[in-house]
Amino acid sequence: MRTETPQPIRLSDYRPPAFLIDEVALAFDLAPNTTRVKARLSVRRNGAHADPLKLNGERLKLISVAVDGRALAEAEREVDAEFLTVPGVPDAFVLETEVEIDPENNKALEGLYMSGGRFCTQCEAEGFRKITYWPDRPDVLSRFTVRIEADKAFPHLLSNGNLIEKGELSGGRHYAVWNDPFPKPCYLFALVAGALDVLEDKLVTMSGRTVDLRIYVDPGMAPRAAYAMDALKRSMKWDEEAFGREYDLDLFMIVAVRDFNFGAMENKGLNIFNSSLLLADPATATDMDYERIESVVAHEYFHNWTGDRITCRDWFQLCLKEGLTVFRDQSFSADMRGHAVQRIKDVKALRARQFAEDQGPLAHPVRPSSYLKIDNFYTATIYEKGSEVIRMLKTLIGPEAFRAGMDLYFERWDGHATTVEEFIKCFAEASGRDLSDFFGWYEQAGTPRLSLSSAYDVARRTLEVEIAQETPPTPGQPTKTALPIPVRLGLLDQDGRTQAFLRDGEALDETVVVLSEAKTTVRLEGVDRPPVVSALRGFSAPVVMTTDAQPKDRYVLLAGDPDLFNRWEAGQELARELILARAAGQPDEVGEERFAEAMGRALSDQAADPAFKALLLAMPSEPDLALARQPADPAALHEAREALRLRLAVHLAEDLKRLHSGLQESGEFSPDAASAGRRALRNAALELLAANPKAETAELALGHYRAAGNMTDAMGGLAALMLIGGPEYEAALEDFYAKWKAEPLVVDKWFAVQARDPDETALGRVMGLTAHPAFDPKNPNRLRALVSTFANFNPVRFHDPSGAGYRFLADQILAVDRYNPMTAARLVDPLGGWRRYAPALGQLMKAELERILASEGLSKNVFELVTRALG
Ligand code: PHE
Ligand code: ZN
Numbered sequence: 002m003r004t005e006t007p008q009p010i011r012l013s014d015y016r017p018p019a020f021l022i023d024e025v026a027l028a029f030d031l032a033p034n035t036t037r038v039k040a041r042l043s044v045r046r047n048g049a050h051a052d053p054l055k056l057n058g059e060r061l062k063l064i065s066v067a068v069d070g071r072a073l074a075e076a077e078r079e080v081d082a083e084f085l086t087v088p089g090v091p092d093a094f095v096l097e098t099e100v101e102i103d104p105e106n107n108k109a110l111e112g113l114y115m116s117g118g119r120f121c122t123q124c125e126a127e128g129f130r131k132i133t134y135w136p137d138r139p140d141v142l143s144r145f146t147v148r149i150e151a152d153k154a155f156p157h158l159l160s161n162g163n164l165i166e167k168g169e170l171s172g173g174r175h176y177a178v179w180n181d182p183f184p185k186p187c188y189l190f191a192l193v194a195g196a197l198d199v200l201e202d203k204l205v206t207m208s209g210r211t212v213d214l215r216i217y218v219d220p221g222m223a224p225r226a227a228y229a230m231d232a233l234k235r236s237m238k239w240d241e242e243a244f245g246r247e248y249d250l251d252l253f254m255i256v257a258v259r260d261f262n263f264g265a266m267e268n269k270g271l272n273i274f275n276s277s278l279l280l281a282d283p284a285t286a287t288d289m290d291y292e293r294i295e296s297v298v299a300h301e302y303f304h305n306w307t308g309d310r311i312t313c314r315d316w317f318q319l320c321l322k323e324g325l326t327v328f329r330d331q332s333f334s335a336d337m338r339g340h341a342v343q344r345i346k347d348v349k350a351l352r353a354r355q356f357a358e359d360q361g362p363l364a365h366p367v368r369p370s371s372y373l374k375i376d377n378f379y380t381a382t383i384y385e386k387g388s389e390v391i392r393m394l395k396t397l398i399g400p401e402a403f404r405a406g407m408d409l410y411f412e413r414w415d416g417h418a419t420t421v422e423e424f425i426k427c428f429a430e431a432s433g434r435d436l437s438d439f440f441g442w443y444e445q446a447g448t449p450r451l452s453l454s455s456a457y458d459v460a461r462r463t464l465e466v467e468i469a470q471e472t473p474p475t476p477g478q479p480t481k482t483a484l485p486i487p488v489r490l491g492l493l494d495q496d497g498r499t500q501a502f503l504r505d506g507e508a509l510d511e512t513v514v515v516l517s518e519a520k521t522t523v524r525l526e527g528v529d530r531p532p533v534v535s536a537l538r539g540f541s542a543p544v545v546m547t548t549d550a551q552p553k554d555r556y557v558l559l560a561g562d563p564d565l566f567n568r569w570e571a572g573q574e575l576a577r578e579l580i581l582a583r584a585a586g587q588p589d590e591v592g593e594e595r596f597a598e599a600m601g602r603a604l605s606d607q608a609a610d611p612a613f614k615a616l617l618l619a620m621p622s623e624p625d626l627a628l629a630r631q632p633a634d635p636a637a638l639h640e641a642r643e644a645l646r647l648r649l650a651v652h653l654a655e656d657l658k659r660l661h662s663g664l665q666e667s668g669e670f671s672p673d674a675a676s677a678g679r680r681a682l683r684n685a686a687l688e689l690l691a692a693n694p695k696a697e698t699a700e701l702a703l704g705h706y707r708a709a710g711n712m713t714d715a716m717g718g719l720a721a722l723m724l725i726g727g728p729e730y731e732a733a734l735e736d737f738y739a740k741w742k743a744e745p746l747v748v749d750k751w752f753a754v755q756a757r758d759p760d761e762t763a764l765g766r767v768m769g770l771t772a773h774p775a776f777d778p779k780n781p782n783r784l785r786a787l788v789s790t791f792a793n794f795n796p797v798r799f800h801d802p803s804g805a806g807y808r809f810l811a812d813q814i815l816a817v818d819r820y821n822p823m824t825a826a827r828l829v830d831p832l833g834g835w836r837r838y839a840p841a842l843g844q845l846m847k848a849e850l851e852r853i854l855a856s857e858g859l860s861k862n863v864f865e866l867v868t869r870a871l872g
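In our numbering, the protein residues as written are 2 to 872.
This is the structure in structure tokens:
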């Protein structure tokens, strides 16, 4: 147990920085165990006060401090484990410090560390303080000049901005000097040094400037950066067209590293990527990898304006850059790959991660008001719900006012650190609307529940739609207020044709009802035929909606809703109800047959996009089902879901086999959306067939695996074999490893597929894999491939009634927390939902959380999450 309880940081305590730093010159003398960092800061007092200069600094060996050229004696400054304090400083002065750090032994992967023999940095959120003494907060913006000196064994020396000088030194050493003309907070600082190959390209911006583009990767890997480069160029053009934003430096660099806690990082002019989100070729990457690379490259690039040029005043405003940038990358992906399919995928991810978070003890508002470690707030709520909020804002004020508000935001806040209030103000001004209620979306945690009922009056030909909203309590927020919620809706008739209607005298095919009170009623007129309501089209708000719709209405929507999101949603709803009924011991066999028939019709729709059909075929995930009814029984849900899949596999066997053979690809692999959609459908058909583990299916899956000409199909085959189990699976696993053991990103897939195995032997297998020579828990990708995949995507085995799955996860958290608290903390989440499970399971989960909490030397990161999870 910790001896002292860490104190939370509160939004209400925000004070402007006591000192500002306009310029800084850093000099790095790189050596794996003894890197020297000299910093020369031009410091200026901010406002009238007599406070001492207080700088953050952790794990730094202080060599010297000088003020205006005069070295300070020990008595003239104070140093502890977290700060350097210098009292009695002038109003403006030059501070010089020198420290020594040990990148090689930095396994937390924050600050300056080594990965694959190269130096690299990760400073967001608070890693810069592990590099040098500094006011480590995002509202101190400075112009950086960085000199890097190293042995020539580290040929590339990179930092932010432009290269202004480089040269040779004696003793086999060399140096480079970089200058970044844009003032930035220290969390955007980056440095990379080492042997790298580079893929180069150029782009001419909208104003005619030529920008050099460089992607640095492991030697030999440059061809695998080609897709990321293509995605980068498309992102740059898209931001010009969609938001009028042009790139600002003459050089844009991306570096791929293998050891990285998160996905990627938007350092100014020098993005650093987890290699899993950058490297791709047909042989080693799946379509899903390509898709994620495209969206993350875009995300980090878009941060140049929403994050770098305009940054956050404090870390409570994290959604200001993250929610907005996710919104931008989702919009980009939708333009690249199709709006409906992209929306369905985004909503699936939102429900799986954010809705789960919102229903548990870790629920927090999009803008939280206190934290212990900000690292713990890089959550689905800040990112995904943060994006949903902006999407609603656009729906509420319309695309033109939205664009005008963004323009105003860029104009007003460029070069500054700001807040969510100021951001929203720009839209209020641009639209002339009072958006004060809307701010509730940022401050109130929890997923609103909507219930919709409608009454049709045949004689008057009117439809009255009533929608009620209620948000359940969340930790620290027992009561909730009504929020403005846009509900997009349209009407069909019983034959599935769109029906027009009148709202306030206006003839419409579709309308947006904005809820503002606990209950909102709208009357639609001119409704000639008995209607089927298609509500919350495009998932117009991040809510859970129940309606008075009957299965027959859902079948109408599934067959013909012009809104493809709702067409998909109707299928999911039908499936969810059938699975839940079966899990509750009341299977609706007739309903299941009817559903299978409807799915068959949907599959035969020649006009539908294969990518869409692939989504339609995938039944709601087990974590999704576990949210729908509580307490959740993962074993019963798994069985019920498999039973429905089996029924579909049997009922649709011929269609699925026909799809599978008909969609077989010949010719060269192309990662484009249409080709990826066909592969997705073919693999989805196989996955469904695998629910019927006959010898014939195993043969089909093995054939699929063996014939695969790309990683998408190889993984499709391997995953199907995993579901079927048996000697074919074992043979394929062995073959796969032998083939790919030299490719770390592919080996991750090999670990992950075994972690997802619902078979009874899976936990034993997963535990055994932690002793596999290729298992390296210091590498976050490898750790997540096995441990997170198991805990998050294998509910039936994670929730083993013995509690062994929970114990396994807790052991991993404790082991990893010794050296990498950020990554350890991200493993806590699956235990956080303990209250949602049957008490026999919940108590075992809780016991593991308590065991973690009672352990010696816990990091603040894990301490905070475990305390909140138990809270
Ligand atoms: N800012 C990064 C992004 O979303 C995420 C990140 C946070 C990366 C913290 C590393 C460390 O783009
Ligand atoms: Zn981001």
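Glycine residues also receive a C-beta, built at the ideal position from the N, C-alpha and C atoms.
Given the structure is predicted, the values throughout are model-derived calculations rather than measurements.
Residue i - containing alpha helix (DSSP H), residue span
{"i": "residue 426", "result": "421 to 432"}
{"i": "residue 782", "result": "781 to 784"}
{"i": "residue 820", "result": "No alpha helix (DSSP H) contains residue 820, which DSSP labels as neither H nor E."}
{"i": "residue 320", "result": "319 to 338"}
Reduced DSSP category for residue i - H, G, I as helix; E, B as strand; rest coil
{"i": "residue 495", "result": "coil"}
{"i": "residue 814", "result": "helix"}
{"i": "residue 306", "result": "coil"}
{"i": "residue 55", "result": "strand"}
{"i": "residue 145", "result": "strand"}
{"i": "residue 670", "result": "coil"}
{"i": "residue 772", "result": "coil"}
{"i": "residue 35", "result": "coil"}
{"i": "residue 73", "result": "coil"}
{"i": "residue 109", "result": "coil"}
Residue i CB to nearest heavy atom of the ligand ZN below 7 Å
{"i": "residue 326", "result": "yes"}
{"i": "residue 304", "result": "yes"}
{"i": "residue 295", "result": "no"}
{"i": "residue 385", "result": "no"}
{"i": "residue 323", "result": "yes"}
Whether residue i touches residue j by CB criterion (8 Å)
{"i": "residue 250", "j": "residue 141", "result": "no"}
{"i": "residue 191", "j": "residue 119", "result": "no"}
{"i": "residue 670", "j": "residue 283", "result": "yes"}
{"i": "residue 262", "j": "residue 823", "result": "yes"}
{"i": "residue 287", "j": "residue 868", "result": "no"}
{"i": "residue 174", "j": "residue 152", "result": "yes"}
{"i": "residue 391", "j": "residue 328", "result": "yes"}
{"i": "residue 535", "j": "residue 490", "result": "yes"}
{"i": "residue 360", "j": "residue 628", "result": "yes"}
Residue i burial status per 10 Å Cβ neighbour count (16 or more: buried)
{"i": "residue 211", "result": "exposed"}
{"i": "residue 2", "result": "Confidence in residue 2 is poor, its pLDDT being 46 and thus under 50, which makes the residue's placement unreliable; the coordinate value appears in the next sentence. Exposed, since its Cβ has fewer than 16 Cβ neighbours within 10 Å."}
{"i": "residue 85", "result": "buried"}
{"i": "residue 157", "result": "buried"}
{"i": "residue 34", "result": "exposed"}
{"i": "residue 858", "result": "exposed"}
{"i": "residue 529", "result": "exposed"}
Cβ-heavy atom distance, residue i to the ligand FAD, below 7 Å
{"i": "residue 355", "result": "Among the ligands in the structure shown, the ligand FAD does not appear; only the ligand PHE and the ligand ZN can be found there."}
Residue i CB to nearest heavy atom of the ligand PHE below 7 Å
{"i": "residue 377", "result": "no"}
{"i": "residue 265", "result": "yes"}
{"i": "residue 262", "result": "yes"}
{"i": "residue 301", "result": "yes"}
{"i": "residue 865", "result": "no"}
{"i": "residue 257", "result": "no"}
Run of the beta strand (DSSP E) containing residue i, from where it starts to where it stops
{"i": "residue 179", "result": "174 to 185"}
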